[in-house]
Structure formats: C-alpha cells, structure tokens
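Visitor:
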Amino acid sequence: MIGLTVRQMHYFDALAQTLHFGRAAKLAGVSQPALSSQIAEMEQRLNCRLFERGGKSVRMTDEAVALLPRIERILADIRDVETTARRGRTAMEGRFRLGIIPTVAPYLLPRALPELKKHFPALLLELREAVTTSLVEDTASRKLDAFIAALPLDHPGLITEALFPDRFFLAVPSGDPAFASPPVPPESPALERLMLLEEGHCLREQALAVCGNVRPVAMASYGATSLTTLLQMVAHGLGVTLIPEMAAGPAGTIPDLKIVPFQEPMPQRMICLAWRRNNARHGECVELAKIIRGLGAVMLVA
1 MIGLTVRQMH YFDALAQTLH FGRAAKLAGV SQPALSSQIA EMEQRLNCRL
51 FERGGKSVRM TDEAVALLPR IERILADIRD VETTARRGRT AMEGRFRLGI
101 IPTVAPYLLP RALPELKKHF PALLLELREA VTTSLVEDTA SRKLDAFIAA
151 LPLDHPGLIT EALFPDRFFL AVPSGDPAFA SPPVPPESPA LERLMLLEEG
201 HCLREQALAV CGNVRPVAMA SYGATSLTTL LQMVAHGLGV TLIPEMAAGP
251 AGTIPDLKIV PFQEPMPQRM ICLAWRRNNA RHGECVELAK IIRGLGAVML
301 VA
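Numbering follows UniProt numbering, with no gaps: position 129 of the sequence shown is 129.
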C-alpha cells in the first residue's frame with residue numbers, strides 16, 4: 001500500500017506551482033527542510049522521481065506532470081468537504097484562492113485586502129494574477145475558488161456577480177495638440193495611434209471595441225504586457241492608450257501624461273466576481289462580492 005498523505009499532496013501541489021523549494025515552503029506554511037523531507041518520502045513511496053533538482057532550479061518529471069491533475073482534483077474535493085462542514089459557522093475563513101486580472105489587481109487590491117482582513121480575520125487569501133482565459137480555466141478546473149475580471153465571460157459553468165462599472169478614459173501625452181479640447185469622440189483619427197496590450201488581455205479587446213471605427217497601428221512593433229508599461233510609453237510620446245477609471249487617479253501622477261474623457265456616453269466595462277456553479281463556497285463568494293461592491297464607488301475618480 002502506497003499510503004500518500006494529504007500533507008504530502010499539499011506540499012507536492014505547492015512545489016508544482018512554484019518550482020522552488022523555498023517559495024513552496026512559504027506557500028505551504030512550513031520550513032523548507034520539512035517540505036523537502038515530505039517530497040522525498042512521497043517519491044520513495046511512489047518509487048519514482050517527481051522533481052529534478054539542479055542547483056537553484058527545479059523541474060517536474062513526466063511522472064509528476066501526469067500526477068498533478070489527479071492530486072489537484074483530490075485536494076479540491078477535500079476543500080469542498082471542509083467547506084461543507086463549515087456551513088453555518090463563520091463565513092470566509094481558511095484558505096480562499098482568488099484570481100484577478102492585471103488591469104484590476106494593482107488598483108483594487110490595496111483597498112480590498114485591508115477591508116477583507118477587517119471583516120474576515122480568519123481568511124487566508126491566496127492571490128493569482130492572470131489574464132481572463134487562464135482564470136476561467138483555473139476556476140473551472142477548481143484550482144481557484146473565484147476570480148475578478150470584466151464581463152462578459154462566456155462559460156456556462158460559471159456564476160457571475162456584477163461588482164461595479166469602470167468607465168474608460170484616454171491617456172495621452174500632456175502636450176499633444178490633438179487632445180487639447182476634450183472630450184474625445186471614439187471615431188477621432190488621433191486614435192489611430194492607440195497602443196494596445198498584447199494578445200490575451202481583455203483590455204485589448206475592449207479598446208478595439210471602443211475604438212472600432214479606427215485602425216490602431218502604433219502597437220505593430222511592441223508587445224506590452226502591463227498597463228504601467230503602456231502609460232510610460234504614452235508619457236514619452238509614443239502613442240495613446242485606453243485607461244480604466246480605477247487607474248486614472250494613480251496615473252495622474254505620471255509626468256508628461258494627461259487623462260482625457262471620451263464623449264458621452266462614455267464607454268465602460270463591468271467588473272465582476274465569478275465562481276463555479278457547483279462551488280460549495282457559493283455563500284462566501286456572495287459575501288465577498290458584497291464587500292468588494294461597496295469599495296467600487298470610493299475607488300473611482302469623479
């Protein structure tokens with residue numbers, strides 16, 4: 001009998017996520033020697049090598065890659081059992097894995113994390129920042145409990161709860177004469193200089209939808225992966241970019257950058273919380289949505 005323990009599977013999962021013994025130990029909340037010892041015992045019981053150690057690098061073997069989805073399913077089932085057992089007790093306690101898209105995370109989390117800690121001191125929040133498609137896949141496969149993104153989300157297995165609208169503005173070089181007299185019509189020829197995030201970011205598709213009557217050409221030779229990078233490029237006169245309202249306040253401190261509005265009705269996105277339909281933590285997700293929804297109004301600029 002092999003006799004793997006739940007603890008070993010937790011440590012295996014942490015190491016598979018991080019591919020680093022130190023970070024895996026921190027994620028699992030144990031010392032590095034303790035984690036290493038349990039991984040070695042797991043390999044001994046399975047009679048196979050799971051991780052190749054080479055200096056500071058760690059690589060999963062083929063056996064570990066094949067084993068990972070099965071262990072993830074087992075751990076997800078255990079979490080569902082624990083959640084079911086907690087019903088009727090304090091909501092939002094224990095480990096909760098929350099995903100969030102990059103164009104929301106830096107602006108929402110500084111306000112949301114202290115608020116969640118105040119309301120739910122027993123909550124152990126694990127965060128993952130990724131593009132929407134990855135968050136949808138990870139939530140559907142039970143690697144995440146819920147995630148924050150922008151609607152629409154085309155997945156029949158998800159429940160979505162609208163949080164707050166987030167209007168779009170335009171970030172332009174401060175001395176650009178083409179934007180001397182805002183608001184900006186969405187068909188303005190100056191938007192041909194629109195710079196976009198790389199493929200996979202939902203803000204890219206939203207920008208193309210907002211400015212659908214122009215053909216953005218400025219991103220032909222760039223592959224920006226963050227809004228912060230785009231804003232710096234704008235400030236140096238390389239083009240213009242779409243900016244969500246929640247980011248407009250912090251962006252106002254960047255030298256040589258100007259935030260201007262679109263003509264009414266201003267385009268916007270709807271931020272939402274999403275989780276699996278069969279998630280045993282449905283009630284906790286609803287409670288989480290309520291807290292974050294209350295933060296929406298105070299985050300946005302006037």
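We put the beta carbon where it would ideally sit given N, CA and C, even for glycine.
#1: Considering only the alpha carbon of each residue, which of S37, Y107, A130, C48 lies closest to T225?
#2: Give the single residue among G249, P250, D256, M246 whose Cα lies nearest to the Cα of V240.
#3: Unbroken alpha helix (DSSP H) runs of length 4 or more, entirely within the region 144-223: which are they?
#4: If we call anything under 8 Å between Cβ atoms a contact, is R293 one with F164?
#5: Rounded to the nearest angstrom, how far is the Cβ of Q8 from that of Q38, given a contact under 8 Å?
#6: Hey, out of L295, P173, V65, S141, whose CA is closest to C48's CA?
#7: Helix or strand or just coil, what does DSSP make of T139?
#8: Tell me the rounded alpha-carbon separation between A235 and G296.
#9: In whole angstroms, what is the alpha-carbon distance linking H10 and I159?
#10: May I ask you to report which of helix, strand or coil DSSP gives T241?
#11: When we look at the beta-carbon of A209 and count the other beta-carbons within 10 Å, is it buried (16 or more) or exposed?
#12: Could you check which residue in P182, E72, P185, A207 has the C-alpha nearest to that of L194?
Guide: Let me lay it out:
#1: Walking along the sequence shown from the start, residue 225 turns up at place 225. Nearest C-alpha to T225: A130.
#2: Working through the sequence shown from its first residue, we reach residue 240 at position 240. Cα-wise, what sits closest to V240 is D256.
#3: Counting whole runs of 4 or more residues, the region 144-223 contains the alpha helix (DSSP H) stretches 202-210.
#4: The count along the sequence shown starts at 1 and reaches residue 293 at position 293. The count along the sequence shown starts at 1 and reaches residue 164 at position 164. Yes, they are a contact pair.
#5: Taking the first residue of the sequence shown as position 1, residue 8 is located at position 8. Taking the first residue of the sequence shown as position 1, residue 38 is located at position 38. In this structure, Q8 and Q38 form a Cβ contact; the two beta carbons are roughly 5 Å apart against a cut-off of 8 Å.
#6: What you label residue 48 is simply residue 48 of the sequence shown in a count that begins at 1. The shortest Cα separation from C48 among L295, P173, V65, S141 belongs to V65.
#7: Residue numbering aside, residue 139 sits at position 139 when the sequence shown is read from its first letter. In the structure shown, T139 adopts helical secondary structure according to DSSP, grouped into three states.
#8: Residue numbering aside, residue 235 sits at position 235 when the sequence shown is read from its first letter. Residue numbering aside, residue 296 sits at position 296 when the sequence shown is read from its first letter. A235 and G296 have their alpha carbons spaced roughly 27 Å apart.
#9: In the sequence shown, the residue the question calls residue 10 occupies position 10. In the sequence shown, the residue the question calls residue 159 occupies position 159. Going from the Cα of H10 to the Cα of I159 covers about 27 Å.
#10: Taking the sequence shown and counting its residues from 1, the one referred to as residue 241 is at position 241. Here T241 sits in strand by DSSP.
#11: Position 209 of the sequence shown, counted from the first residue, corresponds to residue 209. With fewer than 16 other Cβ atoms within 10 Å, it is exposed.
#12: Here the question's residue 194 lines up with position 194 in the sequence shown. Answer by Cα proximity: A207.
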